[in-house]
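Worksheet: one structure, shown below.
Protein chains: 2
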Amino acid sequence: MMRIGELATRTHVSVRALRYYEEHALLTAERTPSGQRHYPESAVARIHLIQQLYAAGLSSRTIRDLLPCVLDGRATPELLHRLTAQRDHLTTKLAALTATRDTLDRVIANAETSLRTGEACGGGE
Amino acid sequence: MMRIGELATRTHVSVRALRYYEEHALLTAERTPSGQRHYPESAVARIHLIQQLYAAGLSSRTIRDLLPCVLDGRATPELLHRLTAQRDHLTTKLAALTATRDTLDRVIANAETSLRTGEACGGGE
DNA sequence: CTAAAACCTGACGCTGACGTCAGAGGCAAG
DNA sequence: CTTGCCTCTGACGTCAGCGTCAGGTTTTAG
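Just so you know, the sequences run in chain order A and B. If you read the first sequence in the numbering used here, its first letter stands for residue 1, the second for the next number, and so on. If you read the second sequence in the numbering used here, its first letter stands for residue 1, the second for the next number, and so on.
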């Protein structure tokens, strides 16, 4: 059982953020008689998962709703629906970001050329 | 030449957002003597590009710096460097999001199974 | 036993990308 | 000329995800 500071350093997530997660029911902790939080090893993985979902653009509310399903396999038809919706949303986003990266690649190639051939440059169109 | 309302409806971006973009030098507009903004057709594409970069996680400041390069091919070595950094950052992000989607796929498959076989369910590990 | 380090609960601050409201001017139609 | 919609410039409001400070307790190191 580790305390909040250790969990923070091990996950590279601030203590404040961990308390914030608990406040928003993304994370629970056992308490010692004096009130300090104690976490099991599994909390590390849980934090990583939470961060992953945040990075995917989910809100804390959404994460809170979907987490039980993700961790315990506890799914209702409605949760399954929301989960699928999020995955589809993510797929769409991935396509958009890939397109953006391609755009950047083209711009970079163009810029490199124009820098080499001497400043002024027309488009590739 | 269109006015701000038309540009807004055509790009599905609010009038407020367009003014915000101008305020932050992402977008410029000609003005009629009475002070109304007038945009050329090319503004539509420009807005789409701005939205694309926002979706990629860039800040308005970053977009402002990189836009001249992206639109006009005007690149300095420093801008080129920043551009490349952004692309690499995006590549990393794409990998992470792809991993997240795979996680969601697994969770969904698991949940579907547990719903079919009757509620309780252990992990696939 | 004591000092330092870590933890606790509020509670206010911050940032970015707008939403929204107020008050006033511009413009095509009848 | 007036009605009605569009536009203008401030300027304050909002929301999430924390950062940060205050004031006090607990745990640990020596």
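Don't be surprised by glycine CBs; every beta carbon is placed ideally from N, CA and C. Here the structure is a predicted model, which means the values were calculated and not measured.
{"Asked": "Ordered along the chain, which non-local residues of its own chain (more than five positions away) have a Cβ less than 8 Å from that of I47 (chain A)?", "Found": "L7, T11, V13, L18, Y21, L27"}
{"Asked": "Taking R101 (chain B) as the reference, give the member of A:R116, A:T84, A:T113, A:A111 with the closest Cα.", "Found": "A:T84"}
{"Asked": "Is DSSP giving H24 (chain A) helix, strand or coil here?", "Found": "coil"}
{"Asked": "For H38 (chain A), name the three-state secondary structure that DSSP assigns.", "Found": "strand"}
{"Asked": "In chain A, which residues lie less than 9 Å from L83 (chain B) when you measure between Cβ atoms?", "Found": "L104, V107, I108, A111"}
{"Asked": "From L49 (chain A) to Q86 (chain B), what does the alpha carbon distance come to, in whole angstroms?", "Found": "25 Å"}
{"Asked": "From which residue to which residue does the alpha helix (DSSP H) around P77 (chain A) run?", "Found": "77 to 117"}
{"Asked": "Rounding to the nearest angstrom, what Cα-Cα distance links S59 (chain B) and P33 (chain A) in this structure?", "Found": "46 Å"}
{"Asked": "Is the region 91 to 108 of chain B in contact with the region 63 to 79 of chain B, if contact means three or more CB pairs nearer than 8 Å?", "Found": "no"}
{"Asked": "Could you tell me whether the Cβ of E125 (chain B) comes closer than 8 Å to any Cβ of chain A?", "Found": "In this prediction, E125 (chain B) has a pLDDT of 38, which is less than 50 and means its spatial position is unreliable; what the coordinates show is noted afterwards. Not an interface residue."}
{"Asked": "Give me the Cβ distance between A56 (chain A) and L90 (chain A), rounded to the nearest whole Å; I'm assuming they're in contact under 8 Å.", "Found": "6 Å"}
{"Asked": "Is there at least one Cβ from chain A nearer than 8 Å to A95 (chain B)'s Cβ?", "Found": "no"}
{"Asked": "Starting from S139 (chain A), find everything on chain B with Cβ-Cβ shorter than 7 Å and list it in chain order.", "Found": "Here chain A covers residues 1 to 125 and nothing more, so residue 139 (chain A) does not appear."}
{"Asked": "Just curious, the alpha helix (DSSP H) that S60 (chain A) is in, first and last residue?", "Found": "60 to 72"}
{"Asked": "Identify the residues that DSSP records as bridge partners of R31 (chain B): which are they?", "Found": "B:R37"}
{"Asked": "Report the rounded CA-to-CA distance for R61 (chain A) versus T113 (chain A), giving the unit in angstroms.", "Found": "47 Å"}
{"Asked": "Using beta carbons (cut-off 8 Å, strictly below), is T117 (chain A) in contact with chain B?", "Found": "no"}
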